[in-house]
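These protein sequence lines are chains A and B, in that order.
Here the first sequence stands for residues 4 to 115, where the numbers follow the working numbering.
Here the second sequence stands for residues -3 to 109, where the numbers follow the working numbering.
Working notes for the structure below.
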Amino acid sequence: EAQVTQNPRYLITVTGKKLTVTCSQNMNHEYMSWYRQDPGLGLRQIYYSMNVEVTDKGDVPEGYKVSRKEKRNFPLILESPSPNQTSLYFCASSFIVNQPQHFGDGTRLSIL
Amino acid sequence: GENVEQHPSTLSVQEGDSAVIKCTYSDSASNYFPWYKQELGKGPQLIIDIRSNVGEKKDQRIAVTLNKTAKHFSLHITETQPEDSAVYFCAASKDSGYSTLTFGKGTMLLVSP
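Printed below as a string of structure tokens:
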């Protein structure tokens, strides 16, 4: 089954404790992306990757890092999380940006 | 960068009525316009998309129209059903090497039986 898998689905943590949200896709997609969803603000892109070892900033990259060492994986790293990063996060993938994106089911992060 | 405005933010209709959600975009180079439906607890799912070389596209009860001159596009849902209740997002992107997909803020559609 074609899917984008995110882990964990839920996480409560404290300010400053590094965390990683993993994202994996099984569709051989080249384009992968991370979004955050906040009430009243919709989906905002954090980082995206056009292919292995190629990443670029989206609209809200501050406080986040990503890596793309393999085609299927695109982890999101919060080196020193802060409460304003409490949000619902989605990973998505597609063959290219102008193709339908497949989304994971989301990761709800709460940073105290 | 691209800016996508979406209206209304909430829309309540009776079952069987039609629903229309409208979006405008700012970058005239944008040429791909998808619509996503997000149900509670799930990630967004594509329901229909349109490219700039087409003015209208239809898939059963769902249609999308695009006016490139005015830079706006709309989602039309006919004969709405309770299962159409969800949050709908429009988005825009363009064909370039480093392009992003910019989303509108979303419309919560509530279909009452």
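Beta carbons: idealized from backbone N, C-alpha and C, even for Gly.
Pull up the CB-CB distance for residue 30 of chain B and residue 87 of chain B, whole angstroms please, since I reckon it's below 8 Å.
-> Indeed they touch by this definition, with Cβ atoms about 5 Å apart.
If contact means a Cβ-Cβ distance below 9 Å, which residues of the region 90 to 107 of chain B contact chain A?
-> Contact residues of the region 90 to 107 of chain B toward chain A are 90, 91, 92, 93, 94, 95, 96, 97, 98, 99, 100, 101 and 102 (C-beta to C-beta distance below 9 Å).
What residue range is occupied by the uninterrupted beta strand (DSSP E) comprising residue 99 of chain A?
-> Per DSSP, residue 99 of chain A lies in no beta strand (DSSP E) and is assigned neither H nor E.
Selection of the region 54 to 85 of chain B by Cβ proximity to chain A, strictly under 8 Å | From the region 54 to 85 of chain B, only 85 have a Cβ closer than 8 Å to chain A.
Members of the region 62 to 74 of chain A that neighbour chain B once the beta carbon cut-off is set at 9 Å | So the close ones are 62.
What residue does the beta strand (DSSP E) around residue 30 of chain A start on, and which one ends it?
-> It is not in any beta strand (DSSP E) - residue 30 of chain A carries neither H nor E in the DSSP assignment.
In chain order, what residues of the region 6 to 28 of chain B put their CB closer than 9 Å to some CB of chain A?
-> Identification of residues in the region 6 to 28 of chain B having a C-beta nearer than 9 Å to some C-beta of chain A yields 27 and 28, given in sequence order.
So what does residue 20 of chain B bridge to, in DSSP terms?
-> Bridge partners of residue 20 of chain B: B:1 and B:68.
Hey, is residue 93 of chain A's beta-carbon within less than 8 Å of any beta-carbon in chain B?
-> Cβ-Cβ to chain B under 8 Å: yes for residue 93 of chain A.
Residue 75 of chain B by DSSP, collapsed to three states: which one?
-> Of the three classes helix, strand and coil, the one that applies to residue 75 of chain B here is coil, per DSSP.
Apart from the five residues just before and just after residue 74 of chain A, which ones in its own chain have a Cβ nearer than 6 Å to its Cβ?
-> Excluding sequence neighbours, residue 74 of chain A sits near 55.
Residue nearest to residue 18 of chain B in terms of C-alpha spacing, selected from B:70, B:10 and B:26 = Taking only the C-alpha atoms, the option nearest residue 18 of chain B is B:70.
Who are the neighbours of residue 103 of chain A on chain B, taking C-beta pairs under 8 Å?
-> Ordered by position in chain B, the residues that pass the 8 Å Cβ test against residue 103 of chain A are 30, 42 and 45.
Listed by chain order, chain B residues near residue 28 of chain A by CB distance under 8 Å = Within chain B, no C-beta atom comes nearer than 8 Å to that of residue 28 of chain A; the closest sits roughly 12 Å away.
Within its chain, find whatever has a CB closer than 6 Å to the CB of residue 45 of chain B; leave out the 5 residues flanking it on each side and keep chain order.
-> Correct list, in chain order: 30.
Report yes or no: do the region 58 to 72 of chain A and the region 9 to 18 of chain B share at least 3 C-beta pairs separated by less than 8 Å?
-> No contact exists between the region 58 to 72 of chain A and the region 9 to 18 of chain B.
Beta-carbon neighbours of residue 51 of chain A, restricted to chain B and to distances below 7 Å | Within 7 Å Cβ-Cβ: 96.
Residue 55 of chain B burial status per 10 Å Cβ neighbour count (16 or more: buried) | With fewer than 16 neighbouring CB atoms inside 10 Å of its own CB, residue 55 of chain B falls in the exposed class.
Pull up the DSSP beta-bridge partners for residue 12 of chain A, would you.
-> Paired residues: none, contrary to the question.
How many Å lie between residue 68 of chain B and residue 22 of chain B at the Cα?
-> If you draw a straight line from the Cα of residue 68 of chain B to the Cα of residue 22 of chain B, it is about 9 Å long.
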